[in-house]
Amino acid sequence: MSRQPSTSDLLKYYRQESLPTIWCPGCGLGIVMRSLVSAIHESGIDPDKVVIVSGIGCSGRMSGYMNFSSVHTTHGRALAFATGIKMANPDLHVVVIMGDGDASAIGGNHLIHAARRNIGVTALVANNSTYGMTGGQYSPTTPVGAKSTTSVKGNIETGFDLIDLVSAAGASFTARGAVAYPTQLTSTIQKAIEWEGFSFVEAVTHCPTCFGRKNSLKTPGDMLRAQKEATISFAKAKLLKPHEIGGRIVTGVHFMEKRPEYTTLYEEQIREPSMAEQGGASIFGQTTQDVAAPAVQEYSESATVHGDRIGIRIGGTGGQGVITAGVMLAEVAMAAGFNVVQGQVYGPEARGGASRCEVLMSKAPIFYPEVTTADLMVLLSQQAADKYIASAGPMGYVLYDPAKVKTPQALPGRTILPVDFTRIAKELAGVEMAANVVALGASAVLLGLTDEACIRKVIGQRVPKKVVDANIEAALEGMNAMLAALSGSFEGSADLG
Amino acid sequence: MSEKSIPRLVQGNEAIALGAIHAGCRFYGGYPITPSTEIAEEMSRLLPHIGGSYVQMEDEISSIAAVIGASLTGQKSMTATSGPGFSLMQENLGYAAMAEIPLVLVNVQRGGPSTGLPTDPAQGDMMQARWGTHGEHSIIALVPSTVAECFTLTVEAFNLSERYRTPVIILSDALIGHMRENIRLDQLLKAKVIERPQPWMSPEDYRPFASTERTVVPLAPIGTEYRYRVTGLVHDMSGSPKTGDKRTIEDTGRRLRSKIYDYREEITRVEMTAMDDAEVAIFAYGSVARSAYEAVMWARERGHKVGMVRPITIWPFPTLQMREVADQVHSIVVPEMNIKQIAWETRAAIEGRANVVSMNRIDGTLIAPGEIISSLRDVLRAKGGAA
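Protein sequence lines correspond, in order, to chains A and B.
Position 448, counted from 1, in the first sequence is what my numbering calls 643; the numbers after and before it change by one each time, with no gaps.
Position 250, counted from 1, in the second sequence is what my numbering calls 1105; the numbers after and before it change by one each time, with no gaps.
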């Protein structure tokens, strides 16, 4: 058994001006605190690099009594605060002190997720089986039958075995100590602090004021004696059968198995250290949304419809690439010197629901960002046709895919044209999925946005690499089809209006 | 032409992420929720390139908790969410206010209450931003109206959070968040960034909560020789809980309010459009302001003296500016995508100096220019003019 550091060794770890504690005479939390500072002392870690994080309750006050950086957080959330601390500065030794209600009731979610992530913090749970600070209500670790102010007839809820709980969640180090055996508790905490991943220590303690008095353990001494009698080491317990262990406090390290610590994994697998030295500036050169505009293209005056803004609505079904087509169209218009606003509406379905994308383009600033009547409407599904055709602008164009949409009824003033988006995508570009990009090409012609190089560039940046060529082909064929449809059907220009 | 000087098509949420990176944000803790998720996606992609960290927490409560923890280590930190998640963050938002920890919280508003309208815009969280956490405190909240402002106001939010050591909220909405507009990054990157100040006093003399009305004590990073206490309890200037000392309790509560409230003229920005000779003002914010500009143009084309006041900072409320406006105009039209949350505040601020006309829509649809125009016509007719 190792030597316990003397009180004079440990005084420097306390904020002596903050003592005495608020804890009742006979409380076990003082022993837990001394075991913790002893473990920190014995481990030889730099006290400046220690951060103690605690929750709410009697145990929550512990952080403030110790002379380290300390964060007394909100009820149940200490591990979540600690996760941010450790992520932002992995060099720190973060010890999280919680009570049983703190850790396994209100904070139970954070407990299992910290264990699952294997983030390198130590969770030290002082388990006294009750909510002491609020006067002794039953907690998730109160034994069945125990009396409390909210279970006067005896507790009927089955308690957690906290070690089983965090083990099931994937904790890489689990241990239990008891305040009746402070030397062992110290060495257990020390092992936990020195562990690289998530380490969990349950410190079994007692609340004479709120628990003992109600459960035939009248004095702190009675409680400690009962704890001693119930305690058995993990090594001895391994030789017993489960029914012989039942109800006993099995102390010692229960489980330890190395697995990669979370912040280390993040550093090794996620971080891209190459750009860190350049600071944030380098980020702005390379977002995926980058569109290198060619020299600003003269837009033709005749592209202007009523007023100086043009509204485009593309309607279809989730998965057809309606929004991608609209975004690319907006980028082509932007490269041509227009202000653009692009918006979208979609349902909760990732695939198959109604989907609509809108683009506004104007030489003037665009304020109201909605398309009320569409100067150009592209319909890629019957559902979209039924829903949107009434909002076609009075002088507008409606392009529909005859493979998907029944021939719409004529509307006065509107030019309604079939364009074989799907067939062209399938037969001429070889990718049926590129019907949206065929529509992009056709729309670009109507809008006078015929800079091929720009369209190529935009597609190159918005679609997966392996289908870039097919999509460019789809766009060019869409442009051809539109030109053909216009020259076949009408005398006059390709411009709207 | 450098790469940064070309126009770019950027989504509002993405602009917030870019603004955060420019502002020096190096930690993001979050939980996915529509319509804010793109911010998390962008931050998860960008932060590892510049030595920052992204962590996807188990819920919104832990997200803001992790952000507070990260900020305490000296990293500028943020999270983003929407209605339901914003509600879950309220307790720890109060913690950040009480412990005076800088952070930026983005709420991309959607229709509510509860799950409500996940993909549609609303402005229903204006009051939750002000009073959502319990207890007396002040808060700063900014409201972007454009994608470019999503960038610049995120930078400003970080600056304000450092300057006043306080959480700052950005109240975006589903429309601005998901909308794409062309922006000029070269211009936006000129936005000035305030770095977190470091303590000038020795660890022995450091009192992290000794800020006064005149000075804000720098927040030392935890896990250094500055070993101090942080608590959500009422505390003295060293961070020791002082829940039994009435003087400390009263002083702390008043200081938490006054440290922002007393600087509201410095913090609170409003944009005035066509207000010089205005007799009617439209008071509109966020996405609704976009429609309001068009209503002003409609009115001016017809010779009506209508102007517009757009709060860029909604909290602290621009009380003094609105009193001046109210002394000038006879009516203030307040269109908003909630039921009178800011109209009531306006009424309280101007104390009867002008008539406040509220107009509201809560069906997840942006108020259209025509709707504001018809309110304007009513106001103009009531004053006897032709409209």
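Quick reminder that beta carbons are idealized off the backbone N, C-alpha and C, glycines included.
Quick caveat, the model's predicted, so the values are computed rather than measured.
Taken through DSSP and simplified to helix, strand or coil, A:Ala639 comes out as helix. Per the coordinates, the alpha-carbon of A:His236 lies some 28 Å from the alpha-carbon of A:Pro415.
Shown here, A:Gln385 sits in a helix according to DSSP, grouped into three states.
Spanning the alpha carbons of B:Thr936 and B:Asn962 requires a straight line of approximately 5 Å.
Annotation for B:Trp1199: the continuous alpha helix (DSSP H) segment containing it runs 1196-1205.
For A:His270, there is no enclosing beta strand (DSSP E), as DSSP marks it with neither H nor E.
Judged by pairs of C-beta atoms under 8 Å, the segment 296-308 of chain A does not touch the segment 1113-1123 of chain B, as fewer than three such pairs exist. A:Asp596 counts as buried, since no fewer than 16 other beta carbons sit within 10 angstroms of its beta carbon. The segment 242-253 of chain A and the segment 261-268 of chain A touch, with three or more beta-carbon pairs separated by less than 8 Å.
Under the Cβ distance rule, B:Gln1196 does not count among the residues neighbouring chain A, no pair being separated by less than 8 Å.
Within chain A, Val522, Ala525, Val535, Val536, Gln537, Gly538 have C-beta atoms less than 8 Å from the C-beta of B:Arg1035, given in sequence order. B:Asp975: not part of any alpha helix (DSSP H); member of the beta strand (DSSP E) spanning 972-976, first to last residue. With distances taken between CA atoms, A:Gln379 lies nearest to A:Leu231 out of A:Leu231, A:Phe355, A:Thr317, A:Ala585. Partner residues in the beta bridge of A:Thr610, as assigned by DSSP, are A:Tyr592. Distance from A:Ala275 to B:Ala920 at the Cβ level is roughly 4 Å; contact confirmed, criterion being Cβ atoms closer than 8 Å.
B:Thr1070 counts as exposed, since fewer than 16 other C-beta atoms from the protein chains shown sit within 10 angstroms of its C-beta. Residue A:Ile351 holds the alpha-carbon nearest to the alpha-carbon of A:Pro338 among A:Asp359, A:Ile351, A:Met451.
Taken atom to atom, the span from the alpha-carbon of A:Gly372 to that of A:Thr426 is near 9 Å.
Taking a Cβ-Cβ threshold of 7 Å, the residues of chain A close to B:Glu1080 are Asp243, in chain order. At a cut-off of 8 Å between beta carbons, B:Pro999 makes no contact with chain A. Take A:Val640, set aside five residues on each side of it, and the residues of its chain with a beta-carbon closer than 7 Å to its own are Met674, Met677, Leu678, Ala689, in chain order. The distance from the Cβ of A:Gly538 to that of A:Tyr583 is about 14 Å, inconsistent with a contact at the 8 Å cut-off. In the structure shown, B:Val1023 falls within a strand segment according to DSSP collapsed to helix, strand and coil.
Contact annotation: B:Met912 and B:Ala875 have beta-carbon atoms that are not nearer than 8 Å.
Under the three-state reduction of DSSP, A:Arg657 is assigned to helix.
DSSP, reduced to helix, strand and coil, places A:Gln199 outside both helices and strands of the structure shown, so it counts as coil. The C-beta of A:Thr602 comes no closer than 8 Å to any C-beta of chain B.
B:Val922 belongs to the set of residues whose beta carbon lies under 8 Å from a beta carbon in chain A. DSSP, read as helix, strand or coil, puts A:Ala587 in strand. With a threshold of 8 Å between beta carbons, A:Pro564 makes contact with chain B.
About 5 Å separates the CB atoms of A:Met523 and A:Arg657; that is less than 8 Å, so the two are in contact.
In summary, the residues of the segment 896-929 of chain B whose CB is separated from some CB of chain A by less than 7 Å are Leu901, Pro903, His904, Ile905, Gly906, Ser908, Val910, Met912, Glu913, Asp914, Ile916, Ser917, Ala920, Ala921, Val922, Ile923, Gly924, Ala925, Leu927, Thr928, in the order they occur in the chain. With a cutoff of 8 Å on beta-carbon distance, A:Thr317 and A:Gln332 are scored as not near each other. Contact check for A:Gly259 against B:Thr1086 passes: the beta carbons are separated by less than 8 Å.
Assigned with DSSP and collapsed to three states, B:Arg1069 falls in coil, not helix or strand. Within the segment 306-339 of chain A, the residues whose Cβ lies closer than 7 Å to any Cβ of chain B are, in chain order, His308.
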